[in-house]
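Contents: one structure, followed by commentary.
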Amino acid sequence: MSNNRNEYGSVIGWVLAQPWASVLQRVPGLWLVSVVMLGLWGAAVVPYTYAIYVVVIHVLSVNAAVRTALGARNAHMEATRHAFRGNGQKMLAHLTVRTVIASLVLMHLPTDTPDWDAHYANRTSLDPHALLSADADYLALPDVAHVIIIPGYKETDDTWADTLNILASHQKAVSHYKICLAMEEADPLAEKTAMLLVSRYIDCFLQIVYTIHPRNLAGETAGKHSNVSWAARQMASKSKSVKSDLLTVMDCDTAFAQDYFDSIAAQFAATPRDLRVFQMFAPGTVFDRNSNDVPVFVRLADILWSAGVMGNYVPFSPITFPCSAYSLSMDLAQSVGFWDVGPEGLGEDMHMLLKCFFATEGRVKVNPVFSPASCCNIEGKEGSGAVGFMWARYGQAKRHLWGALDSGYALRKALFAIIAPGYENPIVGRPPVSDKKKQLVPDDEVHFNFYKLLVLFHRLMEAHIVGGHLFILVTLSSIFLPVGPNPSSFATHYWESITDQAVHPIVVLACDICGYLRAFSVFSVIACAYYYERYYRWVGVTRWNLSSLGDRQQLTSEASPYINGVYIGPGKRVGHLGRRAGLESIRTKWNYLDWFALPITALLYQAIPQIHTQILQLWTDKLVYETAAKPKMKEHPAAHAVPEESGVVHVFGGHEKMPGETVAIPVLDSDDIETLANSRVDHGPDEILVLQGLKAHRISNTSPSTPTTPTTYSSNFSNMTATTQKYMHSHTNSYSSNPANDRIMLMGADYNSDTVASFPASPRLATYHQQPPPPYVQSPVLRVVVPPAMDRIATYGSQNNNSGTMFYGSEEKSLMLAPGDEFKAWGDEDVSVV
1 MSNNRNEYGS VIGWVLAQPW ASVLQRVPGL WLVSVVMLGL WGAAVVPYTY
51 AIYVVVIHVL SVNAAVRTAL GARNAHMEAT RHAFRGNGQK MLAHLTVRTV
101 IASLVLMHLP TDTPDWDAHY ANRTSLDPHA LLSADADYLA LPDVAHVIII
151 PGYKETDDTW ADTLNILASH QKAVSHYKIC LAMEEADPLA EKTAMLLVSR
201 YIDCFLQIVY TIHPRNLAGE TAGKHSNVSW AARQMASKSK SVKSDLLTVM
251 DCDTAFAQDY FDSIAAQFAA TPRDLRVFQM FAPGTVFDRN SNDVPVFVRL
301 ADILWSAGVM GNYVPFSPIT FPCSAYSLSM DLAQSVGFWD VGPEGLGEDM
351 HMLLKCFFAT EGRVKVNPVF SPASCCNIEG KEGSGAVGFM WARYGQAKRH
401 LWGALDSGYA LRKALFAIIA PGYENPIVGR PPVSDKKKQL VPDDEVHFNF
451 YKLLVLFHRL MEAHIVGGHL FILVTLSSIF LPVGPNPSSF ATHYWESITD
501 QAVHPIVVLA CDICGYLRAF SVFSVIACAY YYERYYRWVG VTRWNLSSLG
551 DRQQLTSEAS PYINGVYIGP GKRVGHLGRR AGLESIRTKW NYLDWFALPI
601 TALLYQAIPQ IHTQILQLWT DKLVYETAAK PKMKEHPAAH AVPEESGVVH
651 VFGGHEKMPG ETVAIPVLDS DDIETLANSR VDHGPDEILV LQGLKAHRIS
701 NTSPSTPTTP TTYSSNFSNM TATTQKYMHS HTNSYSSNPA NDRIMLMGAD
751 YNSDTVASFP ASPRLATYHQ QPPPPYVQSP VLRVVVPPAM DRIATYGSQN
801 NNSGTMFYGS EEKSLMLAPG DEFKAWGDED VSVV
């Protein structure tokens, strides 16, 4: 099917042509106004309608509270299990595997085997580290790459450093992590900050690049959603492995433990090929960084937010919404057209799930991951005090609840999915069917799971409707409805002013039922508080303390297989989690008192902002996006350590201008780095490489004729090495069939591949050893423009060494000069130096 309405017939075409987005945007606000009217006059005018609605809202509220308590208990248990790794030999005695082959595979795994390797082997009957063919039903674990998009806008250097240090400490960062710093053009320091970060962390990851999202693009609204969409498009356009890439979206102040990436890689790789495109992964959240520094109402609002996420992750839930940070198949993101960039997409986490849900007809699967994303509580402007912090949190709550637009979006998509499958968006993952001639043709029938659809709308109602409506009905009934043993005189006078009838018995019964339901919900809150605090202590403190012990950590045994009240089994220990965030807040038993602030917190950060946003949406779908203030680090993050891993070639960060685009996007992959001028790779004519703070145009495949003037270009590797202010590399590599045409940019120097001293023969994947980089020092930058007729060279070098970089005709380069370096240029025509 297509976007042509005429293909669907006149009636359906007319329905599709209506401005549903504009109409449905106003449904929550109009519904809200109707509930106010129901609360004021409904008990007298339509008592049965009033009674049914008020009971339904209370039942939905209690259902959410009970499910949240169950979710907190489940999260506490699963987070404890998730952190443990098994000892390989002891694991064999307790692991149930499907086949004899899987058992044989496990016998050859290392002694300290991650449980996620066992998970992969158990599900696939394959060696987790075996090489598989491209048409295999499963992916090999080493083939899964993590594309990690980190959007940032005017973030501090400390915030960036803390987040990247954490990721760099993961054992597979150097071989599997592709980092994309998603910057905003509206930030005047965006490119400078990105270049600085690339130069610092270039040896810590398989790839680190940046994109700059232009401001004021047509049809876009500012926010995380449009920035992430831009960055993801650029990363996908240059990826050679879209179907094996896992795309993770995280905030600049979010911290992940290593076992999050280990687990999603194992689950993704062990998913059959036909189902892999439908996979999403959603971690829990925990606000364990600066919670002791914010007012209790702000702290509890985020606790309730985290607990609400847990309620989505119960095992019996067919619908799971991601929150803030999440991962999905790059193939899925590309298939659905990436993130929406208009007003509806402002709540990009829930909205992306909805987009994928309708594009896949409900086949998308969100897998809960119980290694939570560590988040920061929002803070107010410096010096604003508790009131400023609370006001900032209200702004954040309003932004979250602006997602009520998603309810209208889901209604529209559901309508179109039923009457015109495939309209607006292609249907992802639906196999073709055979027609009468037994030829494969597109399947245009409706294939939605309507139970999932009902649960989806139930969850949207919980998120965007129930809280505000419950507050309105309870408040208005307590003020205006004369029920109970001692009704107020005001309520009695009001009732007599609107009717001469007594309160209908069905209304009295409904009020009694609702009173019991509210009392019951208190027990759910107590259970939620108990399990949440245990969960917080485990994920925020205990697991990190155990992980820090490493091999000194005692294994669980047959006599003591329980940890934190959860059965773990014998022969287990907490695995490597990586570096912990620079900020941490510990909760004690005294923090149980925070929960007594729940009524005020729910009013301030759920009911009131919900009412506020839905009234605003009667007039507009635009919300001015304000970036939340981040906490300041108590100490500057220490220098990161570069993990040692052999057999890896690091991708030098780069970007390329595409036709009609004005920003930077990544270009290089690990297969390309050994020969930057490789005829197998089309990098594009405008490619720019970013290397150690040096920016230079790509070197052409075709070597120019040898200059007639004497050259100072040296073939001595020791003389070509950069100054000590830049870090040193030990680099070996192999090249294509014509070595004379291969050139590599390294350390700010341009090496010929026939320089034997610098390029001994070796396997394609080089061994790379990198010392921790020194503090970044901003050096002078010269932009050199060489005229087209230029056939001679221009060089730069230190005062004691005249060797330097070649420049060819029509080239333009930017040079990062170290202290003491000087620039020299000559030729038939003038060479301009800016």
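Using UniProt numbering, read the sequence shown as starting at 1 and increasing by one per residue. Each residue gets a CB set at the ideal place from its N, CA and C atoms; glycine is no exception. Note that the coordinates shown come from a computational prediction; the quantities given were computed from them, not determined experimentally.
Taking the Cα positions, I378 is about 28 Å away from I208. Distance from V36 to I472 at the Cβ level is roughly 6 Å; contact confirmed, criterion being Cβ atoms closer than 8 Å. Taking the C-beta atoms as reference points, N290 is found nearer than 9 Å to P631. Listed as beta-bridge partners of P368 by DSSP are A282. For S327, there is no enclosing alpha helix (DSSP H); the residue is part of the beta strand (DSSP E) that begins and ends at 326–329. Shortest Cα-Cα distance from A231 to any of N312, L197, M310, W339 involves W339. Nearest in C-alpha terms to E155, of all of L197, L546, Q279, D331, is L197. Nearest Cα to S524 within the set Y50, T556, R73: R73. For the pair P368 and E78, the CB atoms are nearer than the 9 Å cut-off. Going by C-alpha positions, P315 is about 39 Å away from G388.
Residue D203 holds the alpha-carbon nearest to the alpha-carbon of S175 among D253, L481, W595, D203. Taking C-alpha positions only, W14 is separated from I57 by approximately 35 Å.
Per DSSP, reduced to three states, the secondary structure at H76 is helical. The alpha-carbon of L618 is positioned some 14 Å away from that of P609.
Annotated three-state conformation of R573 is strand, per DSSP.
For K622, the CB contacts under 8 Å within the same chain, skipping 5 residues up- and downstream, are T221, P343 in chain order. Taking all protein chains shown into account, K178 has 16 or more neighbouring C-beta atoms within 10 Å of its C-beta and is therefore buried.
In this model, P570 and S548 are separated by some 20 Å (Cα to Cα). Residue range 348–359 is occupied by the alpha helix (DSSP H) that includes K355. For H213, the enclosing beta strand (DSSP E) has its first and last residue at 207–213. Taking K224 as reference, the option from K172, R67, D293, L181 with the minimal CA-CA separation is L181. Beta bridge pairing from DSSP links T248 with I148, S327.
Around the C-beta of Y516, fewer than 16 other C-beta atoms lie within 10 Å, and the residue is accordingly described as exposed.
The beta carbon of I568 sits closer than 8 Å to the beta carbons of T80, R81, F84, T556, P561, Y562 from its chain, once the five residues preceding and following it are set aside; these are given in chain order. Straight across, the Cα-Cα distance linking A118 with R573 is about 15 Å. In this structure K381 is in contact with A629, their Cβ atoms being roughly 6 Å apart against a cut-off of 8 Å.
Counted as a single uninterrupted DSSP element, the beta strand (DSSP E) harbouring A182 occupies residues 177–184. When the Cα atoms are used, H400 and T159 turn out to be separated by approximately 23 Å. Counting along the chain, the unbroken alpha helix (DSSP H) around D512 starts and ends at 505–537. For F84, DSSP records a beta bridge to V574. Taking C-beta separations shorter than 7 Å and ignoring five residues to either side along the sequence, the partners of A607 in its chain run G467, G468, F471, following chain order. Here DSSP, grouped into helix, strand and coil, assigns I427 to coil. By a beta-carbon distance limit of 8 Å, M352 does not contact L246. Their separation comes to about 15 Å.
Only residues of its own chain outside the window of five on either side were considered, and among them L346, G347, M350, H351, A463, H464 have a CB closer than 8 Å to the CB of G403, listed in chain order. Approximately 6 Å separates the beta-carbon atoms of S407 and P28; this is inside 8 Å, confirming the contact.
When only Cα atoms are considered, A333 and I149 end up about 13 Å apart.
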